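Since the structure comes first, as structure tokens, the remarks are kept for the end.
Protein chains: 2
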Amino acid sequence: MLKYILLGFLNYQPMTGYDLKRLVDGSTAHFWHAYHSQIYTTLRKMEQDGLVTSIIDNSDERLERRIYDVTELGKSKFKQWLGKSLTELPPSKDSLLVRLFFSGSRDRSSVLDELRFQRQLRQQQLELYRQIKPEKSPAESDLIDFDREAKFWRMTLDLGLAYEQMYLKWLDETIAKIESF
Amino acid sequence: MLKYILLGFLNYQPMTGYDLKRLVDGSTAHFWHAYHSQIYTTLRKMEQDGLVTSIIDNSDERLERRIYDVTELGKSKFKQWLGKSLTELPPSKDSLLVRLFFSGSRDRSSVLDELRFQRQLRQQQLELYRQIKPEKSPAESDLIDFDREAKFWRMTLDLGLAYEQMYLKWLDETIAKIESF
DNA sequence: GGCGGCATGTAAACAGTTACATGATTCC
DNA sequence: GGAATCATGTAACTGTTTACATGCCGCC
Chain Y
1 MLKYILLGFL NYQPMTGYDL KRLVDGSTAH FWHAYHSQIY TTLRKMEQDG
51 LVTSIIDNSD ERLERRIYDV TELGKSKFKQ WLGKSLTELP PSKDSLLVRL
101 FFSGSRDRSS VLDELRFQRQ LRQQQLELYR QIKPEKSPAE SDLIDFDREA
151 KFWRMTLDLG LAYEQMYLKW LDETIAKIES F
Chain H
1001 MLKYILLGFL NYQPMTGYDL KRLVDGSTAH FWHAYHSQIY TTLRKMEQDG
1051 LVTSIIDNSD ERLERRIYDV TELGKSKFKQ WLGKSLTELP PSKDSLLVRL
1101 FFSGSRDRSS VLDELRFQRQ LRQQQLELYR QIKPEKSPAE SDLIDFDREA
1151 KFWRMTLDLG LAYEQMYLKW LDETIAKIES F
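Quick note, the sequences are listed as chains Y and H, same order. Read the first sequence against my numbering and you will find it ends at 181, with the numbers running on by one and no gaps. Read the second sequence against my numbering and you will find it ends at 1181, with the numbers running on by one and no gaps.
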């Protein structure tokens, strides 16, 4: 999956691993995050597979930057991937729910502390989403063609917002339930 | 993570890999799914690590069933894990959103087809959740102590229901938006 | 002088997925 | 007779995470 995210961004412009990391953090991280280590190794793998090429930029003298660009093969594989619709629900994984599921034997206060802390984090995440303006940029404004692109970005952000609000509501209800046990 | 789910279930009763697979499918799969292959290999790994023991049951003659039971070490590791609260938001991954994010270059009809199909799947998932009654059982009713346990199970199910409803609403809105481009 | 951020990567471990494999029983 | 489900597992691969590693620059 990460492979396609990187191809997707490289379609806009050649970039370094670090640029890609920032783009991912500023946009797709909310529904697909990646560590820098994975980005660098995936780029190397993609180069071996002929999906991207890289050149070393020494213009800065003291720092070597490897700039990646997508190849024709990369472009076609990306389009191929976009062309094949998902036919299943993406599986979701939520370790908080796993923990709650098995919390029958835990102290009430311990469970409540955990849920209240998650509530804080969700609230912060919601504020963060609210500050994002897709009209302006996904961290690197001028890279991307913002007619159609921004609309799709906006839609994914809308789900993020709805998700956090739903989650907060559920946390509040769940905390209240446990308090009244 | 799967390790703790398996320990959690084995705390109720000794079981085979297949029993665990069914329990997972009938309860935690909505927030943490696992393939049978992973369950079997994880159980072997856990046995090596001393978290569980297994005995081979030949009572059936034609079929060898390996029955796993949690050890004291397994029980204590499980409690230790439950004791350490999550301090971060569990990362979420949703490949549909990745695809939508990069759908600026796609045909409108292709995106719409994909979203409409996801809508169907989400609707089915919602119906499925609505049929689940935690009061009755998580597939194997008599295994579990259903005072406190069922309440926590119910809470995770509530999130599943809220999630599907939120997702359906977002899909409807998003489909409408794309239709009106 | 120390800290944080920029910028790059590798290595090892762990987790998860897909494919292969077998054989019995039950339902149509 | 064939398909589906029960029931068990292994092997190979892919993907992800954590830890290790380095060195510069700018700020306080």
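From the three backbone atoms N, C-alpha and C, an ideal C-beta is built for every residue, glycine too. Just so we're clear, the structure is a prediction, and the values are computed from it rather than from any experiment.
T87 (chain Y) is not a Cβ neighbour of F1101 (chain H), given a cutoff of 8 Å. Excluding the 5 residues flanking it on each side, L89 (chain Y) has no same chain C-beta neighbour closer than 8 Å. Apart from sequence neighbours up to five positions away, the residues of its chain that approach V1052 (chain H) with a beta-carbon distance below 7 Å are L1010, L1043, M1046, Y1068, D1069, V1070, T1071 and G1074, ordered along the chain. D19 (chain Y) sits buried, since 16 or more C-beta atoms from the chains shown fall within 10 Å of its C-beta. Judged by DSSP secondary structure, D1094 (chain H) falls outside any beta strand (DSSP E); it is assigned neither H nor E. Take R1119 (chain H), set aside five residues on each side of it, and the residues of its chain with a beta-carbon closer than 6 Å to its own are L1171, in chain order. In this model, T174 (chain Y) and T1156 (chain H) are separated by some 9 Å (Cα to Cα). Remark: C-beta atoms of G1104 (chain H) and Y1129 (chain H) do not approach each other more closely than 8 Å. When the five nearest sequence neighbours on each side are left out, no beta carbon in the same chain lies closer than 6 Å to the beta carbon of D147 (chain Y).
With fewer than 16 other beta carbons inside 10 angstroms of its own, I56 (chain Y) counts as exposed. Listed along chain Y is no residue with a C-beta nearer than 9 Å to that of Q1013 (chain H); the closest approach is about 14 Å.
By the CB criterion at 8 Å, D1113 (chain H) and S85 (chain Y) fall inside the cutoff. R1022 (chain H) sits in a helix when the DSSP states are folded into three classes.
Around E1064 (chain H), no beta-carbon contact reaches into chain Y at under 7 Å, the shortest distance being about 29 Å.
Between the alpha carbons of L6 (chain Y) and I1039 (chain H) lies a gap of roughly 32 Å. For S59 (chain Y), no beta strand (DSSP E) segment is defined, and its DSSP state is neither H nor E. Using a Cβ-Cβ cut-off of 8 Å, G26 (chain Y) does not count as an interface residue toward chain H, since no Cβ of chain H sits closer than that to its own. Residues of the stretch 1043 to 1062 of chain H with a Cβ closer than 7 Å to any Cβ of chain Y: none. By the neighbour-count criterion, in which 16 or more other beta carbons inside 10 Å mark a residue as buried, L63 (chain Y) falls on the exposed side.
Assignment of Y12 (chain Y) by DSSP, reduced to helix, strand and coil, places it in the coil class. The C-beta separation of V111 (chain Y) from I178 (chain Y) comes to about 6 Å, placing the pair in contact by the 8 Å criterion. In the same chain as S54 (chain Y), and ignoring 5 residues on each side of it, the C-beta atoms closer than 7 Å to its own belong to E47, R66, I67 and Y68, in chain order.
D69 (chain Y) carries a strand assignment under DSSP once its states are collapsed to helix, strand and coil.
With distances taken between CA atoms, Q1080 (chain H) lies nearest to H:G1008 out of H:T1016, H:G1008, H:M1166 and H:A1176. Taking each of Y:K151, Y:M1 and Y:Q13 in turn and checking the Cα distance to F1181 (chain H), the smallest one comes out for Y:K151. Using a CB distance below 7 Å, the part of the stretch 94 to 106 of chain Y facing chain H consists of D94, S95, L96, L97, V98, R99, L100, F101, F102, S103, G104 and R106, ordered along the chain.
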